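Below is one structure; the comments refer to it alone.
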Amino acid sequence: MFTRPLIAALICALSPLPALACTLWGAAGTAADGGTLISKNRDWAPDHHQVLRKVRPKKGWAYFGLYAEGNGDPGLKAGVNEKGLTIVSASSNLPRSVREDQPDMHGVMVKILTDYDSVDALIANADKVFSKSRANFFLISDRNKVLTVEVGLHGKYALSVNDSGTATHTNHYLDPELTKAYPQKTSASSRTRYQRINSLLGQSTAPYTLEQFSSLSRDHHDGPDNSLWRSGKEYTLASWIVATPAQGAPRLHVVIANPGEREVTQDLVLDAQFWK
């Protein structure tokens, strides 16, 4: 039988150090003029197509999402439902072979969007949802809060709620217990992007705006592989930003940079008419 230290050592030995994908950041409360902001730069190999899709399931809330199509990792990458609950994800730095060797685990983003209308409702059922999730990182927002979720292996997860201030994540574990459980080396890209987005937020004046978040998403400060907007081993293929006020309709700003195509930007008001 393997001991926990030996398992950790094996994970470290198996772990490559690729330029892992995605940068997430958000703001809540006084940092977001009383509401919330949530943002994702989606980085991946430029080997597929992305589409926006509105889904009205037979049961649960309707949602609008950014989908990847035509590669080895298709599916929902960011979404917002008709109640204003928004979710974005980033890859864990556990080796992909380890993350995928979990037959009882599955993706949870669609379930969260269809089943939950608030961060508090999701937290009340966190064990039911995240103990069955594949290893991943999430930022989830409603009108009042931003929830950070780190999911490890075998049902391990950690939650952090922010109702006034900022939240940031890239592709390595931050929770002390999960960092201890999965001590593999952090990639230079993940570390650099994490430091950069926190530095930029620190240099900006709160309350932040959707326009400020959009400007931050285009940052090229650290070169093609380590910047927030990337064009090296991986590309930034989309920017997804949702501003949800304390009252009124959320706004979505999304940029899609599909390989070989002209960049497309959409600004949408997610009001009752939108969801009809």
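Quick note on numbering: the sequence shown equals residues -21 to -1, 1 to 255 in mature numbering (1 follows the signal peptide of the UniProt record, and there is no 0). Backbone N, C-alpha and C define an ideal beta-carbon position, used for all residues, glycine too. If you're wondering where the values come from, they're calculated on a predicted model, not measured in any experiment.
Host beta strand (DSSP E) of A137 (start-end):
In the sequence shown, counting from the first residue as 1, residue 137 sits at position 158. A137 -> beta strand (DSSP E) spans 136 to 141.
Identify the continuous alpha helix (DSSP H) that holds D99 and give its terminal residues.
Within the sequence shown, residue 99 is the residue found at index 120, counting from 1. Looking at the DSSP string, the run of the alpha helix (DSSP H) that includes D99 is 98 to 103.
Locate the alpha helix (DSSP H) running through Q252, then write down its first and last residues.
Your numbering for residue 252 matches position 273 in the sequence shown. Looking at the DSSP string, the run of the alpha helix (DSSP H) that includes Q252 is 251 to 254.
Counting along the chain, where does the alpha helix (DSSP H) carrying S110 start and finish?
The residue labelled residue 110 in the question sits at position 131 within the sequence shown. It is not in any alpha helix (DSSP H) - S110 carries neither H nor E in the DSSP assignment.
Starting from the C-beta of H200, find all residues in its chain whose C-beta is less than 7 Å away, skip the five residues before and the five after it, and write them out in chain order.
Numbered from its first residue, the sequence shown carries residue 200 at position 221. Within the same chain, H200 has close Cβ partners R175, S206.
L216 and V59 closer than 8 Å at C-beta:
One-based indexing of the sequence shown puts residue 216 at position 237. One-based indexing of the sequence shown puts residue 59 at position 80. Cβ distance not < 8 Å, so L216 and V59 don't count as in contact.
Less than 8 Å separating the beta-carbons of V108 and I119?
Here residue 108 refers to the residue found at position 129 of the sequence shown. Here residue 119 refers to the residue found at position 140 of the sequence shown. No, these two residues do not count as a Cβ contact at 8 Å.
Would you say P25 and P155 are within 8 Å of each other, going by their C-beta atoms?
As a position in the sequence shown, residue 25 is number 46, starting the count at 1. As a position in the sequence shown, residue 155 is number 176, starting the count at 1. The answer is no: Cβ separation not under 8 Å.
Straight-line CA distance for R21 to T147?
Taking the sequence shown and counting its residues from 1, one reaches residue 21 at position 42. Taking the sequence shown and counting its residues from 1, one reaches residue 147 at position 168. Distance between the alpha carbons of R21 and T147 is about 14 Å.
Given G8, which residues of its chain have a CB within under 6 Å of its CB, disregarding the five upstream and five downstream residues?
Working through the sequence shown from its first residue, we reach residue 8 at position 29. These residues qualify, in order along the chain: D142, S143.
Opening and closing residue of the beta strand (DSSP E) in which G144 lies
On the sequence shown, residue 144 is found 165 positions in, with the first residue counted as 1. For G144, the enclosing beta strand (DSSP E) stretches over residues 144 to 148.
Between the beta-carbon of P203 and the beta-carbon of G63, is there less than 8 Å?
Your numbering for residue 203 matches position 224 in the sequence shown. Your numbering for residue 63 matches position 84 in the sequence shown. Not a contact, by the Cβ cut-off of 8 Å.
Taking Y173 as part of the alpha helix (DSSP H), name the residues at either end of that continuous run.
Along the sequence shown, one-based indexing puts residue 173 at 194. That run of the alpha helix (DSSP H) goes 167 to 182.
Which same chain residues end up closer than 7 Å to M84 when comparing Cβ atoms and leaving out the 5 residues on each side of it in sequence?
As a first step, residue 84 is located in the sequence shown; it is residue number 105 there, counting from the start. Answer for M84: K111, S112, R113, listed in chain order.
Environment of S71 [buried if 16+ CB atoms lie within 10 Å]:
Here residue 71 is taken as the residue at index 92 of the sequence shown, counted from 1. The residue in question, S71, is buried, as its Cβ has 16 or more Cβ neighbours within 10 Å.
In terms of DSSP beta bridges, what is L126 paired with?
Start at 1 with the first residue of the sequence shown, and residue 126 comes out as number 147. Answer is I119, V140.
Cβ-based burial, H133 [other Cβ within 10 Å; buried from 16]:
Position 154 of the sequence shown holds residue 133. Under a 10 Å Cβ-count criterion, H133 is classified as exposed, with fewer than 16 other Cβ atoms of the shown protein chains found around its own Cβ.
Please report the straight-line C-alpha distance between I102 and V243, rounded to a whole angstrom.
Start at 1 with the first residue of the sequence shown, and residue 102 comes out as number 123. Start at 1 with the first residue of the sequence shown, and residue 243 comes out as number 264. Each residue's alpha carbon lies about 35 Å from the other.
Entirely within the stretch 187 to 252 and at least 3 residues each: give me those beta strand (DSSP E) ranges in chain order.
List check, beta strand (DSSP E) in window: 214 to 223, 230 to 235, 243 to 248.
Taking C-beta to C-beta, are T2 and R170 nearer than 8 Å?
As a first step, residue 2 must be located in the sequence shown, where it is residue number 23. As a first step, residue 170 must be located in the sequence shown, where it is residue number 191. Cβ atoms of T2 and R170: not closer than 8 Å.
From the DSSP output, in three-state form, read off E61 for me.
Indexing the sequence shown from 1 puts residue 61 at position 82. Look at E61 here: in three-state DSSP terms it is coil, with no helix or strand label.
What residues are listed by DSSP as bridge partners for R21?
For the purposes of this step, residue 21 is taken as residue 42 along the sequence shown, with counting starting at 1. Its beta-bridge partners are A217.
L31, enclosing alpha helix (DSSP H) - first and last residue:
Translated into the one-based positions of the sequence shown, residue 31 becomes position 52. Careful: L31 lies outside any alpha helix (DSSP H), inside the beta strand (DSSP E) at 28 to 34.
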